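For the protein sequence lines, the chains are A and B, in the order given. Residue numbering for the first sequence follows UniProt numbering, starting at 1 and increasing by one per position. Residue numbering for the second sequence follows UniProt numbering, starting at 1 and increasing by one per position. Ideal Cβ placement from N, Cα and C applies to all residues, glycine included. Computed from a predicted structure; not experimentally measured.
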Amino acid sequence: MAVQTAETAPPAAAIPVLGPAFKDALIAGLIALGLFGPLIGFETVIIDGALGLAYRPSLLAIMVGIIFFGRLLLNLTLWSPNRKPSTHTGPTLFDRAGTFIGPGVKPALLAFAVLFPAIAIFSLGGLNESRYLIDLGILILTYVMLGWGLNIVVGLAGLLDLGYVAFYAVGAYTYALLATSAPINDFFAGLFGATFWANWAFWICLPMAGIFAGVWGMILGFPVLRLRGDYLAIVTLAFGEIIRLVLINWVDFTNGGAGIASIPRATFFGIPFNAGPDGFAALFGLPFSPMHRIVFLYFVILALALLTAFVTVRLRRLPVGRAWEALREDEIACRSLGINTTTTKLSAFATGAMFGGFAGCFFAVRAGFVSPESFTFDVSAMILAIVVLGGMGSQIGVAVAAAVMMGGMEMLRNLGFLTQIFGNDFDPSLYRMLIFGFAMVAIMVWKPRGLVSTRDPTIFLKERKAVSGDLVKEGHG
Amino acid sequence: MATSPANGLPRWEADPILIVEHLFMRFGGLIAVNDLSFKVGRGDITALIGPNGAGKTTVFNCITGFYKPSEGRLILAHGRAPTPGEIAEVTRIGERSLVGRDAGVFLLERMPDYLVSGGAKVARTFQNIRLFTGMTVLENLMVAQHNALMAASGYSLKGLFGLPGWTKAQKAATAKAEYWLDKVGLTDRADDPAGDLPYGAQRRLEIARAMCSEPILLCLDEPAAGLNPRESLELNTLLRAIRAEHGTSILLIEHDMSVVMEISDHVVVLDYGTKISDGTPQAVKNDPRVIAAYLGVDEDAVEEVEAELHLDTNPTGAGA
Chain A
1 MAVQTAETAP
11 PAAAIPVLGP
21 AFKDALIAGL
31 IALGLFGPLI
41 GFETVIIDGA
51 LGLAYRPSLL
61 AIMVGIIFFG
71 RLLLNLTLWS
81 PNRKPSTHTG
91 PTLFDRAGTF
101 IGPGVKPALL
111 AFAVLFPAIA
121 IFSLGGLNES
131 RYLIDLGILI
141 LTYVMLGWGL
151 NIVVGLAGLL
161 DLGYVAFYAV
171 GAYTYALLAT
181 SAPINDFFAG
191 LFGATFWANW
201 AFWICLPMAG
211 IFAGVWGMIL
221 GFPVLRLRGD
231 YLAIVTLAFG
241 EIIRLVLINW
251 VDFTNGGAGI
261 ASIPRATFFG
271 IPFNAGPDGF
281 AALFGLPFSP
291 MHRIVFLYFV
301 ILALALLTAF
311 VTVRLRRLPV
321 GRAWEALRED
331 EIACRSLGIN
341 TTTTKLSAFA
351 TGAMFGGFAG
361 CFFAVRAGFV
371 SPESFTFDVS
381 AMILAIVVLG
391 GMGSQIGVAV
401 AAAVMMGGME
411 MLRNLGFLTQ
421 IFGNDFDPSL
431 YRMLIFGFAM
441 VAIMVWKPRG
451 LVSTRDPTIF
461 LKERKAVSGD
471 LVKEGHG
Chain B
1 MATSPANGLP
11 RWEADPILIV
21 EHLFMRFGGL
31 IAVNDLSFKV
41 GRGDITALIG
51 PNGAGKTTVF
61 NCITGFYKPS
71 EGRLILAHGR
81 APTPGEIAEV
91 TRIGERSLVG
101 RDAGVFLLER
111 MPDYLVSGGA
121 KVARTFQNIR
131 LFTGMTVLEN
141 LMVAQHNALM
151 AASGYSLKGL
161 FGLPGWTKAQ
171 KAATAKAEYW
181 LDKVGLTDRA
191 DDPAGDLPYG
201 AQRRLEIARA
211 MCSEPILLCL
221 DEPAAGLNPR
231 ESLELNTLLR
241 AIRAEHGTSI
251 LLIEHDMSVV
261 MEISDHVVVL
271 DYGTKISDGT
281 PQAVKNDPRV
291 IAAYLGVDED
301 AVEEVEAELH
311 LDTNPTGAGA
């Protein structure tokens, strides 16, 4: 723990601040002018069908002014040499708040997740009105689940995987291909009746999607076992792209870029959500609403996400989970203790991939349509960002990060109020990624090890003490 | 200690636990270990010493499977000393090991590192401590019992559902970890991260962790490096206790001669990858080749030593 010596140091004579601060701000402003000049100062416009340049000196002046005065203000206040350094030692206010409310966070979040559809319906005054919020909840929970799945590989085992979307795709296509397969449909039609496969396909394919994705995880894991760090990341990235390109180009099998449509929808354990006499609404005596299916899907993904969390928490306390974390800490020491690093790495890949497969299967049944466009590198990057932002290895951090990232991205779509400031031709959605990027940089500066940077020990003798993130390694292979 | 009462042979000859035969390790053109043969006695504390760069750690890495030797045979004997017939048999059939009811022969050069530890029961520590710094002291000791616990957890299936068999195994493993924590005096720090321990405690924890994997041969790479005299003394006591209470044979690399001469039954001296001396600490201490290798004496001193040596046999040969 760093000991602050500021209190014991003699009070230094006030150092002149205004001059240097002004000079520093001027330099920053000149750099900003140089950078923003070409970027903001010029605008390409079409003049009489030809490309021309327009000039925006006022906007440029505003931007440079923000940099200059912002820097000056910081120099005079936060960064001033006369400012007394913080003499506070020990946990920060935030950490203390964390330990105070910490035990209540998980049950509270869980209760909120379970009650979310009800809250949405009551606050918005109706099933149909709440559709947007519940859809958003489904999206967030899908990413929570994907984050928890990838957390096993990246957070626990320390294997940097940039191609996680491949397993998501394998799960989605497993369901899409099996559920729309005519021979399988005919086979079950002969055995149990014509609608059997359409009604039960999801529940039968869900475990299969997980198994297929897990097997793919192992297949992809084998060649990359000997790679570490950056090299591992590049090869997993390549695998993610390979899967997508195969899906695009193997037209006979996957229908190529056109994708697979009219995939059977989810059923309430065999009871379809339709307006017919055998439908969910009729059997439960409710007026028919398409929202029943959406709310049910919400609870399906919630259950899947909770299953992921439960299995991960359990596995962490088992020898295999401890071996994953030990592998992240020191692979050579693992081998000296008789741990087979090959099977340990493969089990981490396979387990993480399995949950990706479950999530993919859910994605296919929710959308009713899959195409390779849904499985680009962006998705991998987003999931990895969620894991890193949440704090590697932390369940609750990843869940919060997923909610913040996906929810925040959606919020940024609704920046309508900004048009009142910047005028009607201002399109706020264009700035979505910029604001998102700023937010990520800010959080990483503020909390470099993620939102939850401490590690929870898996076993204790007398007292459970969180391990500081400084001691926990990120893994390198 | 070192001599067997039966036939007057030193124990490493009568009942070896590890036989190193004609070990070579080449890295490109560099020969790090050159035709090294020695034996480690069962229940002995054997020290492998030599000047810096003599190839000691390379020998360790070969024994523990981290390097595949260029040539040579490394025989580990469980139970009793193997007969030449048994060794010839396991070598001929091309297997990694031949395990009978009362004895087992393992050819370490054929095994990957995790099997040397998990199967042949050879544990090791490292010259630069390799603890799982982000895990607690107790967790470090639990990871060391991975293979036993993995089987008890039904390869995670039983453990996932918390079946009683697994819970019991976990309790037993924790008890064993507590035993070793007590042994190395770290019970109070059990729930602290291993990276927070002071250096000497980290060294002791690494030994405890190795012992939690229940080895029959414990290989320690410079266990006393960086310890103060009091800690060195504690280490001697600990190693003696390990040998006395668990019957674990110990092979150690050490530069601290107070440790080596104090506790070892048998010393093997390496220089430039070859063995220059092998015997009891007393015999080795007085071996002029060892003195020359260690002190790096100049020409005159070598002549003096030689003169002294040859005084009895060849009185006129001094300085010739």
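By how many angstroms is the C-alpha of residue j removed from the C-alpha of residue i?
| i | j | result |
| --- | --- | --- |
| R226 of chain A | L159 of chain A | 11 Å |
| G200 of chain B | L162 of chain A | 40 Å |
| N249 of chain A | A182 of chain A | 22 Å |
| Y298 of chain A | P117 of chain A | 8 Å |
| G226 of chain B | I253 of chain B | 14 Å |
| A364 of chain A | D456 of chain A | 35 Å |
| E329 of chain A | L131 of chain B | 8 Å |
| D186 of chain A | F284 of chain A | 30 Å |
| P215 of chain B | A333 of chain A | 15 Å |
| S264 of chain B | V122 of chain B | 19 Å |
| R204 of chain B | L306 of chain A | 41 Å |
| I129 of chain B | A169 of chain B | 28 Å |
| F119 of chain A | R228 of chain A | Position check: residue 119 of chain A holds Ile in this sequence, whereas Phe was assumed. Rounded to the nearest angstrom, the two C-alpha atoms are 46 Å apart. |
Please classify residue i: does DSSP put it in a helix, a strand, or coil?
| i | result |
| --- | --- |
| E474 of chain A | coil |
| I17 of chain B | strand |
| V184 of chain B | coil |
| P272 of chain A | strand |
| H22 of chain B | strand |
| D48 of chain A | coil |
| I263 of chain A | coil |
| P117 of chain A | helix |
| D113 of chain B | helix |
| D278 of chain B | strand |
| D186 of chain A | helix |
| V17 of chain A | coil |
Check the Cβ-Cβ distances between residue i and every residue of chain A, and say whether any is below 8 Å.
| i | result |
| --- | --- |
| E139 of chain B | yes |
| T136 of chain B | yes |
| T64 of chain B | yes |
| G53 of chain B | no |
| P193 of chain B | yes |
| M25 of chain B | no |
| L18 of chain B | no |
| D287 of chain B | no |
| G317 of chain B | Unreliable placement is indicated for G317 of chain B, whose pLDDT of 41 sits below 50; no coordinate value is reported for it. |
| D35 of chain B | no |
| G279 of chain B | no |
| R240 of chain B | no |
What are the start and end residues of the beta strand (DSSP E) that includes residue i?
| i | result |
| --- | --- |
| A47 of chain B | I45 to I49 |
| S97 of chain B | S97 to V99 |
| L30 of chain B | L30 to G41 |
| S249 of chain B | S249 to I253 |
| R124 of chain B | V122 to R124 |
Can you check whether the C-beta of residue i is within less than 8 Å of a C-beta belonging to chain B?
| i | result |
| --- | --- |
| P457 of chain A | yes |
| N340 of chain A | yes |
| P448 of chain A | no |
| F167 of chain A | no |
| F460 of chain A | yes |
| D330 of chain A | yes |
Which partner residues does residue i have in the DSSP bridge list?
| i | result |
| --- | --- |
| Y55 of chain A | A:F42 |
| H266 of chain B | B:T46 |
| T136 of chain B | B:P193 |
| A271 of chain B | Note that residue 271 of chain B is Asp in the sequence shown here, rather than Ala. B:T274. |
| R455 of chain A | A:V467 |
| F27 of chain B | B:L30 |
Give the range of the alpha helix (DSSP H) segment to which residue i is assigned.
| i | result |
| --- | --- |
| E71 of chain B | Note, E71 of chain B: premise wrong, no alpha helix (DSSP H); beta strand (DSSP E) at E71 to H78. |
| N249 of chain A | G229 to N249 |
| residue 321 of chain B | Lying before the first or after the last residue shown, residue 321 of chain B is absent from chain B, which here runs from 1 to 320. |
| F296 of chain A | M291 to R316 |
| D378 of chain A | F377 to G390 |
| L218 of chain B | L218 of chain B -> not in any alpha helix (DSSP H); beta strand (DSSP E) instead, spanning L217 to D221. |
| G104 of chain B | Taken as a continuous stretch (DSSP letters only), G104 of chain B belongs to no alpha helix (DSSP H), being part of the beta strand (DSSP E) at G104 to L107. |
| Y431 of chain A | Y431 of chain A -> no alpha helix (DSSP H), and no H or E assigned at all. |
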